[in-house]
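Position 207 (the sequence shown) corresponds to 678 in our numbering; numbering is contiguous.
Since the structure comes first, as C-alpha cells, the remarks are kept for the end.
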Amino acid sequence: MKIGIAGGYLSYYGFSEGLKRMKAQGYECLDDALLANTDNAIFSATPAEFERKLTERRKEIEDNGIIVSQTHGPWRWPPKDATEEDRKERFEKMSMAIVGTALMGTKNFIIHPIMPYGCDRERNPRMMWEMNLDFFGKLLEVAIANDVIINFENMPMVALAMASVPSTLDFVKAINSPNFKMCLDTGHCAILGMDIGEAVRLIGKDYLQTLHVHDNNGNNDSHWIPYTGVCNWSDFAKALQEIDFQGSMSLETFIPRQIPDDLRPLQEQSLFQMACKIAGRTF
Ligand SMILES: [Zn+2]
C-alpha cells in the first residue's frame, strides 16, 4: 500500500520544497488539492493554458518521484448549491476538475455531495437525494469520457441524512457504475459515531476506492493526526487487510503550523511512520 498525504502539507513549505521533503520522508503519493478551490486562477484559464499548467505541475511532482493518487474536487464553505444557476456553475467547475484529474495522471476524483439546503439542516432529505442523483448522474458521463472515477465522500454534517457512511454507500450503489465509488473519510465517519473498521467492512473492496485518513475527538472535524483522537486505528488496519484494500493510505492531516521549524522533521517522520503502521508496512 502506497503512503500519501493531502496537498495542505505542501502549503507550509511551498510546492517545490514541500515535494522534496515529502519524498525525503518516504511518501510516494499526493492527494492534490489544486482543483478544490475554484477561486484559483486555473479555473479561468483557456483549455490550452489549463492543460499546459497541469501538465507542468504533474511533471514537477513526478520529477520528485511522487505520483498523484487522487485529487480533491471543488468545495467551498459554506456550500452554495441552492439554485439551478449555482448547480450549473458547480457542474462546470467539477467537469473542468475531472479533466484536470486525468491530466494529473490519476483516475481518482474525490467529491462531496451538493448541499442545496446548506449543511446544517435537512429541509427535504428525499429532494436532496434526487438532486444529487440527477447532478452526479450527469457528472458521471464526464468522468467516463475522461476515464476518471468519481469518489463520493462521506461527510461530517450530523444534520444531513446523506452524510453517513451507510447512506453514502447507498447513494454510490444507486448510481451503480464502475466509475462511481467511495472515498472513506475516517474523521467524518467518527463524528457520525461509526467505528472506522466497521465502515471499511461495510463498504468492502468493491466500493472502497480512496481514503482520507485523520482523527478527531468525535465532535469536531479537526483533522488530527492518527492515534490522537477517538478512532480505533488497529481495527481499521485489520479491516483494510481483511478486505484486501488496493488503494493508498492517504493522510488528510498535517503537523500544526505552530510547531517550530526545528521540531517539525521529527514530528513529520513520526506521522509518516503512523501511516506505515496503519498500512501494515514497516518503516
Ligand atoms: Zn475528507
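Don't be surprised by glycine CBs; every beta carbon is placed ideally from N, CA and C.
All values derive from a computational prediction rather than experimental measurement.
Ignoring anything shorter than 4 residues or poking outside the stretch 662-741, list the alpha helix (DSSP H) runs there in chain order. 667-678, 704-714
Endpoints, beta strand (DSSP E) assigned at M537: Residue 537 sits at position 66 when you count from the first residue of the sequence shown. Before going further, note that residue 537 is Ile rather than Met in the sequence given. Looking at the DSSP string, I537 is not in any beta strand (DSSP E), and its letter there is neither H nor E.
Close Cβ partners of I620 (< 8 Å) along its chain, the five nearest in sequence each way excluded: On the sequence shown, position 149 is the one that residue 620 refers to. Taken in chain order, the residues that qualify are K578, N579, F580, A614, P649, N650, F651, K652, Q680.
At a threshold of 7 Å, does D605 count as lining ligand 1 (C-beta to nearest heavy atom)? In the sequence shown, counting from the first residue as 1, residue 605 sits at position 134. Not under cutoff, so the answer is no.
Beta-carbon proximity of I714 to K676, cut-off 8 Å: Here residue 714 is taken as the residue at index 243 of the sequence shown, counted from 1. Here residue 676 is taken as the residue at index 205 of the sequence shown, counted from 1. Contact: yes.
Any beta carbon from chain D within less than 8 Å of L505's own beta carbon? Although the question refers to chain D, the structure presented lacks it and comprises just one protein chain.
Would you say the beta carbon of D656 comes nearer than 7 Å to a heavy atom of ligand 1? For the purposes of this step, residue 656 is taken as the residue at position 185 of the sequence shown. Answer for D656: yes, Cβ within range of ligand 1.
Alpha carbon to alpha carbon, what distance is there between G479 and G608? By one-based count along the sequence shown, residue 608 stands at place 137. By one-based count along the sequence shown, residue 479 stands at place 8. Distance between the alpha carbons of G608 and G479: 30 Å.
Which of helix, strand or coil does DSSP assign to F623? Residue numbering aside, residue 623 sits at position 152 when the sequence shown is read from its first letter. Note: F623 maps to strand in three-state DSSP.
For G475, the residue or residues it bridges with in DSSP: Against the sequence shown, residue 475 aligns to sequence position 4. In the DSSP output, where bridge partners are listed per residue, G475 has C500, S721.
Proximity below 8 Å, CB of F707 to CB of I662: Sequence index remark: in the sequence shown, residue 707 carries index 236 (1-based). Sequence index remark: in the sequence shown, residue 662 carries index 191 (1-based). Not closer than 8 Å, so no.
For R728, I'd like the list of residues in its chain whose CB is within less than 7 Å of its CB, leaving aside the five on either flank, ordered along the chain. Start at 1 with the first residue of the sequence shown, and residue 728 comes out as number 257. The beta carbon of R728 is closer than 7 Å to those of Y483 in its chain, skipping five residues each way along the sequence.
What number of angstroms, rounded off, separates the C-alpha of I569 from the C-alpha of V701? Working through the sequence shown from its first residue, we reach residue 569 at position 98. Working through the sequence shown from its first residue, we reach residue 701 at position 230. Between I569 and V701, the C-alpha separation is close to 34 Å.
Taking the straight line between their C-alpha atoms, what separation do you get for H694 and A477? Within the sequence shown, the letter at position 223 stands for residue 694. Within the sequence shown, the letter at position 6 stands for residue 477. When rounded, the distance between both Cα atoms is 11 Å.
A519 to T753, Cα distance in whole Å? Position 48 of the sequence shown, counting from 1, holds the residue named residue 519. Position 282 of the sequence shown, counting from 1, holds the residue named residue 753. Approximately 43 Å, taken between the alpha carbons.
Does K652 come out as helix, strand or coil in the three-state DSSP assignment? The residue you call residue 652 lines up with position 181 of the sequence shown. It is a strand residue.
Any non-hydrogen atom of ligand 1 closer than 7 Å to E723 Cβ: Counting from one through the sequence shown, the residue named residue 723 turns up at place 252. Yes; taking the cut-off as 7 Å, the Cβ of E723 has a heavy atom of ligand 1 nearer than that.
Looking at C-alpha atoms only, which residue of L505, F606, D502 is the closest neighbour of A553? On the sequence shown, position 82 is the one that residue 553 refers to. Nearest C-alpha to A553: F606.
Just the Cα atoms here: how many angstroms apart are M745 and G751? Locating residue 745 in the sequence shown gives position 274, where the first residue counts as 1. Locating residue 751 in the sequence shown gives position 280, where the first residue counts as 1. Cα-Cα distance, rounded: 10 Å.
According to DSSP, residues forming a beta bridge with N579: Locating residue 579 in the sequence shown gives position 108, where the first residue counts as 1. N579 is bridged to I620.
Tell me whether the beta-carbon of N625 lies closer than 8 Å to the beta-carbon of A634. The residue given as residue 625 occupies position 154 in the sequence shown. The residue given as residue 634 occupies position 163 in the sequence shown. Result yes, Cβ atoms of N625 and A634 sit closer than 8 Å.
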